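Heads up: the sequence shown begins at 24 in this note's numbering, then just goes up one per residue.
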Amino acid sequence: MSVLFRDYAGTSRAFDEVFGAEGVRVAYGSVLRQLGKLEADEVRARADYLKSTYLDQGVTFDVGGEERPFPLDIVPRVLLAAEWDEIEAGVTQRVRAIEAFLADVYGEGRVFRDRVIPRQVIASSPHFHRVMHGITPPNGVRCHVAGIDLVRDEVGRFRVLEDNVRVPSGVSYVMTNRRAMFSALPEVTSRHRIRPVEGYPLQLLAALRAAAPSGVADPTVVVLTPGVHNSAYFEHALLARMMGVELVEGRDLVCHNGRVSIRTTQGLRKVHVIYRRIDDEFLDPAQFRADSLLGCAGLITAARAGNVTIANAVGNGVADDKLVYTYMADLIRYYLGQEPILAGVDTWRLEEPEHRAEVMDRLAELVLKPVDGSGGKGIVIGPRATRRELDALRARVLKDPRGWIAQPVVQLSTVPTMIEGRMAPRHVDLRPFAVNSGDGVYVLPGGLTRVALPEGELIVNSSQGGGSKDTW
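Listed below in structure tokens is the structure:
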């Protein structure tokens, strides 16, 4: 084994995915043997190469207005086929349940009549948009792309941490990470049967074309971006290029008589499917924020008329609401008649008095999350918070209990990560991406592994200083 791992020691509480009580786990045996054939300085040099190539290629994200390369670690994350089979089945099941839930919420509302979830939970969600009620997508799909965040608990079991079915991002890093790793470690990658990820753009394009309004034989698909200043602009441009479709901004679109067109040098051309990377509130100033310059007035009217499909559908965020997350196991049973394949994390709903009373006595032990938060923002990890921070948190929760949930501290699994030239355990999560064409759900093999680079950190988001690993 490489000298890089000589002083490696996993954390006492977290599940280390590479080293177990009996030594190196099966999934990583061959990888570590191949890495061990390289000199330590050579591995370090190739890690530096990964950083430089990402900066040169513009594989960056925005932090506080500063463009930074997205850190890619030299050690891959490896999943055995049997492990992936469970993840794939669990993600597919979850996407199907979410689709059924959204169709019901914006349609008949059986789930309320049957008392599976209180109507007030949905009505009070900031992401529930009544303007979308009664709009049925042409092929019934609302979650064309889903990103389901998974973590591995202390015993190595995968659990769902949250759902992302609004505008999930990060898939571009899955593809660029793979190309970079094949370039940086050809001796290692060539000796393993790694499922490819390059087919994602074609899968996405096929799903978008399948969602076109009925009767359109050759639909025009566009990717709608907020513009170059958006932190995920690299991804928007990459996906548009790889799908062979136009990358547009709101000012490039025109809505007239319930139809959407794109301005071209030859005049206006009809648009049938919009893969939007803009939040709901900024998409249509005629329906939402009147001061938005990012979208195009009239998009919702065109969607209601059945002349354009917006992917993902507006209003999907109600399924992302972390309060709805607490009902997801019941929703899977209700809509699919199945037990959840992937368990969630135990969660307290702070709008319920008995839950709130228990949590208020245990703030210093738990993790509290705002139900509509994203990117790790607003999360308070009780054991690491000061007394002043906990007192301020208590006041916020009591003022708006519906806005918070609480969970136990989950010790995310660890994978060796190169830190200052040596290997150290760092916590990781996994975001598999699922594409729903209406005929089936494709789950991209591997997905995006995000790694928290600071020692002991449990928040892996890039906006909080996290990096990534190639997932085999």
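Glycine included, C-beta positions come from ideal geometry on N, C-alpha and C. Predicted, not measured: the structure shown is a model, and the values here were computed from it.
Taking C-beta separations shorter than 8 Å and ignoring five residues to either side along the sequence, the partners of V432 in its chain run E388, L389, V390, I404, G405, P406 and L481, following chain order. Annotated three-state conformation of V98 is coil, per DSSP.
Closest in C-alpha terms to V118, from the list K392, A366, N459 and P477, comes N459. In the displayed model, Q361 falls within coil according to three-state DSSP, outside both helix and strand. In this structure the segment 422 to 429 does not touch the segment 35 to 52; the number of beta carbon pairs closer than 8 Å is below three. Just so you know, the alpha carbons of L261 and L228 end up roughly 13 Å apart. By the C-beta criterion, the segment 366 to 386 is judged not to be in contact with the segment 197 to 208, since fewer than 3 inter-stretch pairs fall below 8 Å. For the set D462, G461 and R449, the Cα lying nearest the Cα of T472 is the one of R449. Straight across, the Cα-Cα distance linking A263 with V296 is about 13 Å. For A328, the closest C-alpha among the options P160, D186 and C319 is that of P160.
Shown here for E210: same chain residues with a beta carbon closer than 8 Å to its own, the five before and five after excluded, namely Q57, K60 and L61 in chain order. Proximity of the segment 94 to 111 to the segment 435 to 444 meets the contact definition, three or more beta-carbon pairs being nearer than 8 Å. Here the C-alpha atom of G338 lies approximately 44 Å from the C-alpha atom of R69. In the DSSP annotation of this structure, the continuous segment of the alpha helix (DSSP H) that includes G52 starts and ends at G52 to G59. Our two residues, S315 and H252, have alpha carbons roughly 15 Å apart in a direct line. In the DSSP assignment, N459 forms a beta bridge with V464.
Where T494 is concerned, there is no enclosing alpha helix (DSSP H), because DSSP gives it neither an H nor an E. In the three-state DSSP reduction, P439 falls in the strand class (E or B). Burial check for D241: the Cβ neighbour count within 10 Å stays below 16, so the residue is exposed. Taking F151 as the centre and dropping the five residues before and after it, the same chain places the C-beta of I145, G338 and V341 closer than 7 Å to its C-beta, in chain order. By the C-beta criterion, the segment 215 to 232 is judged not to be in contact with the segment 282 to 293, since fewer than 3 inter-stretch pairs fall below 8 Å. By the neighbour-count definition (other C-beta atoms within 10 Å, threshold 16), D64 is an exposed residue. Assigned with DSSP and collapsed to three states, K400 falls in coil, not helix or strand. K392 has I428 as its beta-bridge partners, per DSSP.
Nearest C-alpha to A169 among R67, V41, Q116 and K400: Q116. In the DSSP assignment, D39 forms a beta bridge with T437.
Assignment of beta-bridge partners to S284 by DSSP yields V277 and K293. With respect to the C-alpha of D462, the residue from A366, H167, T494 and N330 having the closest C-alpha is H167. Around the C-beta of L103, fewer than 16 other C-beta atoms lie within 10 Å, and the residue is accordingly described as exposed.
Annotated as proximal: L184 and V368, with beta-carbon spacing under 8 Å. In the structure shown, the three-state DSSP call for E480 is coil.
By alpha-carbon distance to D186, the top candidate from A255, S254, Q434 and V174 is V174. At a Cβ-Cβ threshold of 8 Å, V294 and V268 do not count as neighbours. Leaving aside the five residues that flank E40 on each side, the residues in its chain whose CB is nearer than 6 Å to its CB run, in chain order, S436 and V438. Taking the C-beta atoms as reference points, I158 is found nearer than 8 Å to Y129.
When DSSP states are grouped into helix, strand and coil, H259 belongs to the helix group.
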